[in-house]
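A short worksheet on the structure shown next.
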Amino acid sequence: MQISGNLLLSYLITTGFSVVAAPAIGTSGGRRGLGWDPSSPASSALKYIGNKVGWYFNWSPEPSAGMPGNWEFYANQWGSGDIQNLANRLQGRPKLIGFNEPDSATQAHLSPGAAILLYKQYLTGLKGQGKISQLGTPAITNSMQPGEGLSWLSQFMAGCGDCGLDFAVVHWYSTDFEDFKRHVTTAHEITGLPVNVAEFAYTSWQSSNEPSEAVVQDFMNKAVAWLEAQSFVSAYAWFGSMYVSEAKYPSLGAANSLITQDLNSLTSLGYSYAG
């Protein structure tokens, strides 16, 4: 999913959910993280401090100012834009997540061949230069359309098996828990790499049929428990750490929000994930 200039808007100052805490989901050993909207004030990050969240990314090569010092930052080269300056923007040898949903026409939108060329020109040498500690694949969607999703990833790996990749990156947005497990597992099987599930949420993509808080909570409980049980899952991040409004994220479903709309407290879902 894209975090772009269109999304870096001020939040409406109204209250969202009840914040009666749901049962907490256990500690993550550093695997549990957040996709951090760079338009969110750093003070909101303090709401997530505990023993569960261990890392974040913000769809950028550079960390956000004022974030908790014990959170590991994963850099991200969102698309091909300004990639020639990536090496100079990286700080502190982070892990690097590749292009954001290049298999989607509305996101980074790159063919596997184009992505491979860019990796070999700009990304594969970064570890040797001491700029990054690990290199991830592009973050693919769970689309089942030909040439998208896992199909795109398979084509990418066929030409980038020698790219020095350390982990695979996937996104998933849907409602079928079994499909979620298949998507993550198949990414591991295709790549032979640990998997970072960098974005996932429960959604029908229908504004008229958004899921309830209870339904989303039930899915999160099952998904996180399953992720924690998989040795090949290196990291995961629920979407979103920001308030999921209809204006900013059409049809995704506000019940996926980990924080209230006024940014003053975690939702019940947020408490169970990070509180």
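Under mature numbering (1 follows the signal peptide of the UniProt record, and there is no 0), read the sequence shown as residues -18 to -1, 1 to 257, first letter to last.
Every residue gets a Cβ at the ideal spot worked out from N, C-alpha and C, and that includes glycine.
Just so it is clear, the structure is predicted and the values come from calculations on it, not from any experiment.
request  = Starting from the N-terminal side, write out each stretch of the beta strand (DSSP E) that is 3 residues or longer and does not extend beyond the region 64 to 96.
outcome  = 77 to 79
- Whose C-beta lies closer than 6 Å to the C-beta of residue 132 among residues of the same chain, with five residues either side of it excluded? 168
### Message
Measuring only the C-alpha atoms, how far is residue 66 from residue 22?
### Response
CA-CA distance, residue 66 to residue 22, rounds to 28 Å.
Residues of its chain near residue 197, where Cβ-Cβ distance is below 8 Å and the 5 sequence neighbours each way are ignored:
184 and 237
Report all residues from its chain with a CB closer than 6 Å to the CB of residue 193; omit the five preceding and five following residues, and keep chain order. 184, 235 and 237
Mind reading off the beta-carbon distance from residue 46 to residue 58? Whole number of angstroms is fine, and I expect it under 8 Å. About 12 Å; that fails the 8 Å criterion.
Practice task
Can you give me the Cβ contacts of residue 203 inside the same chain, cut-off strictly under 6 Å, excluding the 5 residues immediately before and after it?
Solution key: none
Discussion item. Does residue 78 pass the burial test, meaning 16 or more other C-beta atoms within 10 Å, or should it be called exposed?
Written reply: buried
- [ ] Express the C-alpha separation of residue 36 and residue 52 in angstroms, rounding to a whole number.
- [x] If you take the alpha carbons of residue 52 and residue 36, they lie about 7 Å apart.
Which class does residue 103 belong to by DSSP, given the choice of helix, strand or coil?
helix
Which stretch, first to last residue, makes up the alpha helix (DSSP H) that contains residue 207?
195 to 211
### Query
So, helix, strand or coil for residue 290, using DSSP?
The question about residue 290 has no answer, for the chain in this structure spans -18 to 257.
Q | Complete beta strand (DSSP E) runs within the region 112 to 138 (minimum length 3 residues, chain order) | A | 116 to 122
Residue range of the beta strand (DSSP E) that includes residue 28:
Note, residue 28: premise wrong, no beta strand (DSSP E); not H, not E.
What are the start and end residues of the alpha helix (DSSP H) that includes residue 226? Segment: none, residue 226 is in no alpha helix (DSSP H) and carries neither H nor E.
Can you tell me whether residue 19 is buried or exposed? The criterion is at least 16 other CB atoms within 10 Å of its CB, across all chains shown. Counting Cβ neighbours within 10 Å, residue 19 comes out buried, since at least 16 surround it.
Simplified DSSP assignment, three categories, for residue 156: strand
Margin query: Going by beta-carbon coordinates alone, are residue 166 and residue 119 separated by less than 7 Å?
Written below: no
Below 8 Å, how does it come out for the region 128 to 145 and the region 85 to 104: are there three or more Cβ pairs, yes or no? Result yes; three or more Cβ-Cβ pairs closer than 8 Å.
7 Å CB neighbourhood of residue 113 in its chain, flanking five on each side removed: Within its own chain, the residues whose Cβ lies closer than 7 Å to the Cβ of residue 113, once the five positions on either side in sequence are excluded, are 69, 72 and 75, listed in chain order.
Check your understanding: Where does residue 88 land, buried or exposed, given buried means 16+ other C-beta within 10 angstroms?
Key -> exposed
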